[in-house]
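Below is one structure, written out as structure tokens; the observations come after it.
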Amino acid sequence: MFNEDDINGPAGLAFLWTGFGICFTVASVFILLAVKIGTSRTREICILYGAGCLIQSLTYFALADGHGISKNFYGRHIAWLRYASWAIFVPFLIYRINFLDIATKHKKLVLLITSEAVIIFSFLSTQADTRRTTWLFYSASCFLSVVTCYYTLFEIKPTIPQSHRGVHTLMSIFLVATWAVFLLGQGMTDSGHVIPEGYTNLWFLVVDIVTKGVFGFITFAVMRSVDAKFPRVAASAPAATKYSKADKAN
Numbered sequence: 050m051f052n053e054d055d056i057n058g059p060a061g062l063a064f065l066w067t068g069f070g071i072c073f074t075v076a077s078v079f080i081l082l083a084v085k086i087g088t089s090r091t092r093e094i095c096i097l098y099g100a101g102c103l104i105q106s107l108t109y110f111a112l113a114d115g116h117g118i119s120k121n122f123y124g125r126h127i128a129w130l131r132y133a134s135w136a137i138f139v140p141f142l143i144y145r146i147n148f149l150d151i152a153t154k155h156k157k158l159v160l161l162i163t164s165e166a167v168i169i170f171s172f173l174s175t176q177a178d179t180r181r182t183t184w185l186f187y188s189a190s191c192f193l194s195v196v197t198c199y200y201t202l203f204e205i206k207p208t209i210p211q212s213h214r215g216v217h218t219l220m221s222i223f224l225v226a227t228w229a230v231f232l233l234g235q236g237m238t239d240s241g242h243v244i245p246e247g248y249t250n251l252w253f254l255v256v257d258i259v260t261k262g263v264f265g266f267i268t269f270a271v272m273r274s275v276d277a278k279f280p281r282v283a284a285s286a287p288a289a290t291k292y293s294k295a296d297k298a299n
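In this text, residue positions in the sequence shown follow my numbering: the first is 50, and each later residue adds one.
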């Protein structure tokens, strides 16, 4: 019988089902917006967040049903499926907010590899059989997140068209804040075992709502404004030239 602190205890289940409902609703809204808008950068954002929220809602459903959960060396239940869903979503998010379709190959590889590695090392920190190894993996994920944020804030910006730098700056700030909240939670939950299993669901529910919901709708609103001022030219044009003359003039 689960107690209230278990990942599938009364509190844990309440948070999981809440996550399912919220993520599924947000996914539906983004998908409807994508159908309505038509071809544009804003539509790509809607598809990205719609798919991300749909995957996350299915993850919450599976976890609430008792799937995608294992025990680590210390007997703590770890929702490995949660990490898998993040590993799918994060690279696509990094690719889109940094306009990596027009970035150099080196910067593209660094950002995609480091962002994926943050999730991988975070998960590995939950599977270690010693506290030293746990914190070694956790420290690696923190370091890699710093690299990701540095490239996002400073290395990528010169390659982005002037008209898009405002939206990139906004999304970069949200990315840094999200990484900080995620890693703080990681250290206190599955890695540090400070927060009980059930309330671990609450922490990462908040992370998912902010990352895929709040962040998504803000990005949608800003990108829609950019699309209205600087419409993209035909998709057949080379990636580096897929911007209007008004864009280049800035």
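Backbone N, C-alpha and C define an ideal beta-carbon position, used for all residues, glycine too.
Computed from a predicted model, the values in this text were never measured in an experiment.
Check	Outcome
According to DSSP, simplified to helix, strand and coil, what is I209?	coil
Tell me, please, which residues DSSP counts as bridged to H126.	K120
Count the C-beta pairs between the segment 219-233 and the segment 52-71 that are closer than 8 Å, then say yes if the count reaches three, no if not.	no
Around the Cβ of K85, are there at least 16 other Cβ atoms within 10 angstroms (buried) or fewer (exposed)?	exposed
Would you please verify whether the beta carbon of I244 is less than 8 Å from any beta carbon of chain C?	No chain C is present in this structure, which holds just one protein chain.
Which residues mark the beginning and the end of the alpha helix (DSSP H) in which D276 is found?	264-278
Beta-carbon within less than 6 Å of G262's beta-carbon, same chain only, minus the 5 sequence neighbours each way: which residues are those?	V75
So within the segment 67-107, which uninterrupted alpha helix (DSSP H) runs reach at least 4 residues, ignoring any that extend past its ends?	none
Work out the CA separation of E246 and G61 for me, nearest whole Å.	7 Å
Mind checking which residues open and close the alpha helix (DSSP H) that includes L161?	154-176
Can you tell me which of the three DSSP states F148 falls into?	coil
In the DSSP assignment, the alpha helix (DSSP H) including D257 goes from what residue to what residue?	246-257
Going by DSSP in three states, T182 sits in which element: helix, strand or coil?	helix
Exposed or buried, what is Y109 when buried is set at 16 or more other beta-carbons lying within 10 Å of its beta-carbon?	buried
Return the chain-ordered list of same chain residues with a C-beta closer than 6 Å to the C-beta of L251, the five sequence neighbours on each side being excluded.	F64
Is the beta carbon of S190 less than 8 Å from the beta carbon of L232?	yes
I think T208 touches A136, with their Cβ atoms under 8 Å apart; what is that distance to the nearest whole Å?	The pair is not a contact, with the Cβ atoms about 26 Å apart (cut-off 8 Å).
Of the choices K206, S194, R180, G265, whose alpha-carbon is the least far from that of L149?	K206
In the DSSP assignment, find the unbroken alpha helix (DSSP H) run with V230 in it and report its ends.	214-237
Among residues of its own chain, excluding the 5 on either side of S171, which ones have a beta-carbon nearer than 6 Å to its beta-carbon?	S190, Q235
Which residues in the same chain have their Cβ closer than 8 Å to the Cβ of A111, if we skip the five residues on either side of it in sequence?	G117, L130
Between the alpha carbons of T179 and F269, how many angstroms are there, rounded?	43 Å
Just to confirm before moving on: does the CB-CB distance between F73 and G99 stay below 8 Å?	no
Would K156 and E204 be called neighbours here (beta carbons separated by less than 8 Å)?	yes
Which term fits T88, buried or exposed, when burial requires 16 or more other beta carbons within 10 angstroms of its beta carbon?	exposed
What three-state label does DSSP hand I137 in the structure shown?	helix
Distance, Cα to Cα, I168 vs S134?	10 Å
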